[in-house]
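Notes follow once the structure below has been shown.
There are 2 protein chains.
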Amino acid sequence: MTQTRTKSRRTIWPLKRWIARLAAVIAGVGPALLGAAAPAQATERPPLVLRDMGSFHVGGREVTLSGLPVESVVLVPGSPPTRIDPNNSYWVEPMYAQYGLPAVRRGQFPLLLWHGGGLTGVSFETTPDGREGWYTHFLRRGWDTYVSDAVERGRSGWARYPEITTSAPIFRPQREAWEQFRIGEGLGSWDPDPAKRRQLAGNQFPADGYDAFIKQLVPRWTTTDDAIQRAYEALLERIGPSIIVFHSQAGQFAFRAAQARPDLVKALVAVETSGIGRAEDAAKLKDIPILMLYGDHIVGHPRWPAIRQRGLTFAKAITDAGGKVDVIDLPERGIRGNSHMLMMDRNNLAVADVIQEWLAAKGLWR
Amino acid sequence: MTQTRTKSRRTIWPLKRWIARLAAVIAGVGPALLGAAAPAQATERPPLVLRDMGSFHVGGREVTLSGLPVESVVLVPGSPPTRIDPNNSYWVEPMYAQYGLPAVRRGQFPLLLWHGGGLTGVSFETTPDGREGWYTHFLRRGWDTYVSDAVERGRSGWARYPEITTSAPIFRPQREAWEQFRIGEGLGSWDPDPAKRRQLAGNQFPADGYDAFIKQLVPRWTTTDDAIQRAYEALLERIGPSIIVFHSQAGQFAFRAAQARPDLVKALVAVETSGIGRAEDAAKLKDIPILMLYGDHIVGHPRWPAIRQRGLTFAKAITDAGGKVDVIDLPERGIRGNSHMLMMDRNNLAVADVIQEWLAAKGLWR
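From first to last, the protein sequence lines stand for chains A and B. Numbering-wise (our numbering), the first sequence opens with residue 15 and increments by one. Numbering-wise (our numbering), the second sequence opens with residue 15 and increments by one.
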């Protein structure tokens, strides 16, 4: 039976290739597309076809330092020492963004993916255990997609402290996310030995990818909110009318950016937001479709019910001002076991589809 | 005349689209590819067709801190303070890599693009003035391409100092690259006013993109070479046999990685390397094709003749040991005006083509 199938594919292929070549030549798509249809290159997923991809930095400001000692430093072993005078001008607090633009655009506006605290845009790339992340998933759905690193994180770089940024940064230990992101059963559930780590019942975070996830952590500051806010607003102004999908700490930046420039925000998707906007300016969000999404195991957790409640209180301020906020608790949709890192959970694409369907229902995807 | 042409295109299009659709359906490529051939999506370049893209972290080590004071920090405005005990275990010194894999692979081995000091993989993405960079250019040529951020830079994150990394980092001022990367005429050629900045004759660096380039700078340490070396070797082991294209400081890491694992390195392309390998192990490189590339305005510069000479001396150690090193001074090929940031210069794709032709001549591209 298998033999017969193989034979019949062999017979069909020359015809398939011939038609594919003809079509590509007529359409003027070039040789790259041709080979994409060839069987030797076949993968389980269709190829990702982009009209472009790239990156840029936005925002920041100039700072001049003075009164600091001059240093002499060997930059490359064997090279003569370089005299380094830090009393100079610097460009600080810019923000990095990378983008993919699908050949077939189906989203009505670009999707901006904003990560949470102590993390970078890597949150939305390949999951720590090697599965597809939300960045490429949304690209495949035809969204122009922008992934950024908040100021002072990742490819945005960071500024000298305490001279420019006034505080010292915080570093997340290995155990923290396991115990606080609703992967394990709270304090004490992490163990240096992966086999001894205790997971919440039905946990969807890929436990075998936890040690890879920890490598994505970056230092964070607590005194950079204003700089981050400015840079996110510069990003929004550069890209133009957009939909913001934001996680955790990014909530404060996304809601405030939308309050500053409601004309540039076509929808807000709050993925377990831990930050909120200014309650007194809730009315500025009244014409923006808003979705708030929460995962599992929040009830009974020492911190998450208060974080969720703060989001819901802000949602009420928006609806009281005439706005519309849809709140989805995933377990009520039968989607169970999600940690705080929903975009990496084993069912991450099912969660993405909840967002996708909501955006499509709002007429933002065709 | 134009009228007639438009009419004839209208007549042809339904046929074109029909054949494109048929071919795509038969080849099972899916709807994404279909639309790519549609005229509404046409751009000046053919689409980038990838069988996959993504990212991962490799390497690093666990460090446990003790004896440090406990802190209380407000992480998100309005949230209760979080007690932060730094006496914990951390994962430090991993390295981030992103990759694009073309649907039609023409490179015999993956290309790894390793950036220089005080920079990240962003060096190889879109140029600061918004043109195509080497990452997507090599993808379009059919190379599986990996762009990484060295340990302690960009999305690799960085470790607490002085407890883990023993020194403090160095920050590049705005003027430094202009004066030292052979864009301007040396010390004093940079000015806060872009109109007053003096450029070298025939300079190819996009001067109007300089202030955007400065945003790509990140802090660097001088005591992390061993950690960076370990991570690059972990990257090489993860990806397998590869070709390394490396810039400036990365020379020391690439040559040493090749000396550690000559079996995994199929070619080395040194783009204005400022670092070299171990001269006593030069023989380990004797079976690896090596290209050393230099830009313009080196002669007469206060630092660059010595840097170039160090590279050539190392090249001689390799050839004395029976190896082969091709040295290309771009001006001798009629490619003039290149700064140290050749991958961003206005003629960056002409420089990439010199590399491409060399790799093809070595049988590494078909």
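No residue lacks a Cβ here, since even glycine has one placed at the ideal position from N, Cα and C.
- Secondary structure note for residue 64(B): its beta strand (DSSP E) is the uninterrupted segment 62 to 72.
- Counted as a single uninterrupted DSSP element, the stretch harbouring residue 75(A) is not any alpha helix (DSSP H) but the beta strand (DSSP E) occupying residues 75 to 78.
- Excluding five sequence positions before and after residue 333(B), the CB atoms of its chain that fall closer than 7 Å to its own CB belong to 339, given in chain order.
- Those residues of the stretch 235 to 249 of chain A placed with their C-beta closer than 8 Å to a C-beta in chain B are 236, 239, ordered along the chain.
- Contact check between the stretch 165 to 182 of chain A and the stretch 70 to 84 of chain A: three or more CB pairs, one atom from each, fall below 8 Å, which counts as touching.
- Taking a contact to require three or more Cβ pairs closer than 8 Å, the stretch 248 to 264 of chain B and the stretch 280 to 293 of chain B qualify as touching.
- Under the three-state reduction of DSSP output, residue 171(A) falls in the coil class, being neither helix nor strand.
- Between residue 214(A) and residue 189(A), the gap from beta carbon to beta carbon reaches 8 Å or more.
- Interface residue (Cβ-Cβ distance to chain B less than 8 Å): residue 91(A) is classified as such.
- By the criterion of a C-beta distance shorter than 7 Å, residue 378(B) is surrounded in its chain by 121, 122, 123, 257, 280, 281, once the five residues flanking it on both sides are discounted.
- In the assembly as shown, residue 210(A) is an exposed residue. Its beta-carbon has fewer than 16 other beta-carbons within 10 Å.
- Within the stretch 118 to 141 of chain B, those residues whose Cβ lies closer than 8 Å to any Cβ of chain A are, in chain order, 118, 119, 131, 134, 135, 136, 139, 140.
- In the structure shown, residue 96(B) adopts extended strand secondary structure according to DSSP, grouped into three states.
- Residues of chain B whose Cβ lies closer than 8 Å to the Cβ of residue 196(A) do not exist, since the nearest Cβ in that chain is about 16 Å away.
- Counting C-beta atoms within 10 angstroms of its own C-beta, residue 170(B) has 16 or more neighbours from the protein chains shown and is therefore classed as buried.
- Restricting attention to 138(A), 194(A), 306(A), 175(A), the CA atom closest to the CA of residue 237(A) is found in 175(A).
- Residue contact with chain B for residue 68(A): present (Cβ-Cβ distance below 8 Å to some residue of chain B).
- If only complete runs of 3 or more residues are kept, the stretch 122 to 173 of chain B shows the beta strand (DSSP E) at 125 to 128, 159 to 163, in order along the chain.
- With contacts defined as CB atoms closer than 8 Å, residue 353(B) and residue 266(B) fail to qualify as a contacting pair.
- Taking CB atoms only, residue 261(A) has no neighbour in chain B less than 8 Å away.
- Neighbours of residue 203(A) in chain B, taken as residues at a C-beta separation under 7 Å, are lacking, since the least C-beta distance is about 15 Å.
- With 16 or more other Cβ atoms inside 10 Å of its own Cβ, residue 116(B) counts as buried.
- The Cβ of residue 229(B) sits closer than 8 Å to at least one Cβ of chain A.
- Residue contact with chain B for residue 291(A): absent (no Cβ-Cβ distance below 8 Å to any residue of chain B).
- Close partners of residue 362(B) in chain A (Cβ separation under 8 Å) are lacking, with about 13 Å as the shortest Cβ gap.
- For residue 185(B), the closest Cβ of chain A is nearer than 8 Å.
- For residue 61(A), the nearest CB of chain B lies under 8 Å from its own CB, placing it at the interface with that chain.
- Measuring C-alpha to C-alpha distances from residue 330(B) to each of 62(B), 360(B), 295(B), 349(B) identifies 295(B) as the nearest.
- Among the residues facing chain B, residue 258(A) is not included, as its CB has no counterpart in that chain under 8 Å away.
- Contacts with chain A at 8 Å (Cβ-Cβ) do not include residue 254(B).
- The alpha helix (DSSP H) runs lying completely inside the stretch 242 to 303 of chain B and spanning 4 residues or more are 264 to 274, given in chain order.
- Just so you know, the alpha carbons of residue 126(B) and residue 314(A) end up roughly 48 Å apart.
- Beyond the five residues adjoining it in sequence on each side, residue 65(B) comes within less than 6 Å, by CB distance, of 115, 117 in the same chain, given in chain order.
- Secondary structure note for residue 85(A): it is in no alpha helix (DSSP H), and the uninterrupted beta strand (DSSP E) holding it is 85 to 87.
- Straight across, the Cα-Cα distance linking residue 348(A) with residue 288(A) is about 23 Å.
- Boundaries of the beta strand (DSSP E) around residue 106(B): 103 to 106.
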